Amino acid sequence: MSVTATITPGATLLDPQDHTLIMIDHQSQMAFATHSIDAVSLRNNAALVAKAAAGFGVSTILTTVAEKSFSGPMFDEIAAAFPGLGALDRTSMNAWEDAAVVNRINEIGKGRIVLAGLWTSVCIVGPALSALDQGFEVYVIADACGDVSAEAHERAMDRMVQAGVRPMTSLQYLLELQRDWGRGETYDMTTGIAKQHGGAYGLGIIYAKSMFGAQEHA
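Take the sequence shown: its position 3, counting from 1, is numbered 7 in my numbering, and each next residue is one higher.
Shown next as structure tokens:
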């Protein structure tokens with residue numbers, strides 16, 4: 005069979021306009037019992053995702069559970085990326101069973117959902133499986149999620165992937181939104197986020213730019 009290649013991105017790749025990001029329950033009380041990822045890495049990855057989404061103008065929903073009575077405020081790194089947006093507070097563990105969240109999803113009107121939050125096995129599995137059942141495409145940013153144990157997180161990811169969720173990482177999310185270093189209007193923003201939150205990759209950017217003025221595009 006003959007196949008012809010074209011300069012066309014894959015249909016399952018994300019772009020800033022085709023999805024809604026929902027950041028769920030990145031809160032103090034939820035983080036205290038999270039042991040599948042250390043708190044520093046979790047906060048760093050959540051900040052990377054939030055800054056990427058804000059910088060690229062991604063439709064975003066922030067939501068908390070029992071913020072005032074139990075779980076505390078959303079991480080400052082996330083709130084700071086979306087000044088004025090505010091978080092929708094819930095009583096339901098499954099955000100897809102909260103009327104305010106679902107109404108906002110419908111107002112935005114996009115068929116792709118990207119999820120990140122705490123805990124993977126409860127507050128991410130719930131909306132992921134619910135959204136899939138209703139015909140949405142669902143992505144989960146695995147390293148911006150966490151659970152009470154590595155086992156809990158991994159089994160939750162397995163369950164969602166088996167159901168059709170597409171897993172990804174926080175740095176992958178940033179770079180997939182950029183996708184072409186020739187997009188000069190977002191180049192400095194993307195590399196700036198990577199330098200601050202991209203770990204060894206970010207250090208490499210700092211080194212290359214400092215030592216010999218390197219850049220990824222011509």
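Yeah, the Cβ is synthetic: ideal placement off N, Cα and C, and Gly gets one too.
Model, not experiment: these values are computed from the prediction.
Inset, instruction - Determine the burial state of Val44: buried for a count of at least 16 other Cβ atoms within 10 Å of its Cβ, exposed for fewer. - result: In the sequence shown, counting from the first residue as 1, residue 44 sits at position 40. Burial call: exposed.
Legend entry - Cβ-Cβ separation, Asn98 to Ser134 (assumed contact under 8 Å), whole Å: Your numbering for residue 134 matches position 130 in the sequence shown. Your numbering for residue 98 matches position 94 in the sequence shown. Ser134 to Asn98, Cβ: 6 Å. Contact.
Legend entry - Close Cβ partners of Thr195 (< 7 Å) along its chain, the five nearest in sequence each way excluded: Counted from its first residue, the sequence shown places residue 195 at position 191. Contacts found: Ile209.
Legend entry - Contact under 8 Å by Cβ, Leu52 with Leu178: The count along the sequence shown starts at 1 and reaches residue 52 at position 48. The count along the sequence shown starts at 1 and reaches residue 178 at position 174. The answer is yes: Cβ separation under 8 Å.
Inset, instruction - Answer yes if the stretch 76-87 comes into contact with the stretch 27-44, meaning at least three C-beta pairs across the two stretches below 8 Å, and no otherwise. - result: yes
Inset, instruction - For Met164, I'd like the list of residues in its chain whose CB is within less than 8 Å of its CB, leaving aside the five on either flank, ordered along the chain. - result: The residue you call residue 164 lines up with position 160 of the sequence shown. Cβ within range, chain order: Ile128, Val129, Ala132, Leu133, Val142, Val144, Pro171.
Inset, instruction - Return the chain-ordered list of same chain residues with a C-beta closer than 8 Å to the C-beta of Thr24, the five sequence neighbours on each side being excluded. - result: Start at 1 with the first residue of the sequence shown, and residue 24 comes out as number 20. Excluding residues within five positions, the ones whose Cβ falls inside 8 Å are Val62, Ser63, Thr64, Ile65, Ile109, Ile112, Lys114, Arg116, Ile117, Val118.
Legend entry - Segments assigned alpha helix (DSSP H), at least 4 residues, entirely inside the stretch 71-133: 80-85, 103-112
Legend entry - Sub-8 Å separation of Ala91 and Thr68 beta-carbons: Sequence index remark: in the sequence shown, residue 91 carries index 87 (1-based). Sequence index remark: in the sequence shown, residue 68 carries index 64 (1-based). Cβ atoms of Ala91 and Thr68: closer than 8 Å.
Legend entry - DSSP three-state assignment for Gly150, whether helix, strand or coil: One-based indexing of the sequence shown puts residue 150 at position 146. It is a strand residue.
Legend entry - Cβ-based neighbour list, Asp147, same chain, cut-off 6 Å, excluding 5 preceding and 5 following: Translated into positions along the sequence shown, residue 147 becomes position 143. Excluding residues within five positions, the ones whose Cβ falls inside 6 Å are Asn49, Thr173, Ser174.
Inset, instruction - Please report the Cβ distance between Tyr205 and Ala198, rounded to the nearest whole angstrom; I am assuming they are in contact, meaning their Cβ atoms lie under 8 Å. - result: For this step, residue 205 is matched to residue 201 along the sequence shown. For this step, residue 198 is matched to residue 194 along the sequence shown. The Cβ separation is near 6 Å, so the contact holds.
Legend entry - Ala70 to Tyr191 span [Cα, whole Å]: Residue 70 sits at position 66 when you count from the first residue of the sequence shown. Residue 191 sits at position 187 when you count from the first residue of the sequence shown. Their backbone Cα atoms lie some 38 Å apart in a straight line.
Inset, instruction - Would you give the residue range spanned by the alpha helix (DSSP H) that Leu2 belongs to? - result: Residue coverage of the chain in this structure runs from 5 to 222, which leaves residue 2 outside it and unanswerable.
Inset, instruction - With 8 Å as the threshold, decide whether the Cβ of Gln176 is near any Cβ in chain B. - result: As a matter of chain content, chain B is missing from the structure shown, which is built from one protein chain.
Inset, instruction - Answer yes or no: the CB of Asp19 versus the heavy atoms of the ligand GDP, is any distance below 7 Å? - result: Of the ligands one can find in the structure shown there are none, so the ligand GDP has no counterpart to examine.
Inset, instruction - Drop a sphere of 10 angstroms on the beta-carbon of Met161, count the other beta-carbons inside from all chains shown, and report buried for 16 or more, exposed for fewer. - result: The residue given as residue 161 occupies position 157 in the sequence shown. Met161 is buried by the Cβ-count criterion.
Inset, instruction - Since I believe Ser153 is in contact with Ser6 (beta carbons under 8 Å), could you give me their beta-carbon distance rounded to a whole number of angstroms? - result: Position 2 of the sequence shown, counted from the start, is the residue given in the question as residue 6. Position 149 of the sequence shown, counted from the start, is the residue given in the question as residue 153. Ser6 to Ser153, Cβ: 50 Å. No contact.
Legend entry - Sheet register partners of Met172 (DSSP bridge): The residue given as residue 172 occupies position 168 in the sequence shown. In DSSP, Met172 forms a bridge with Ile145.
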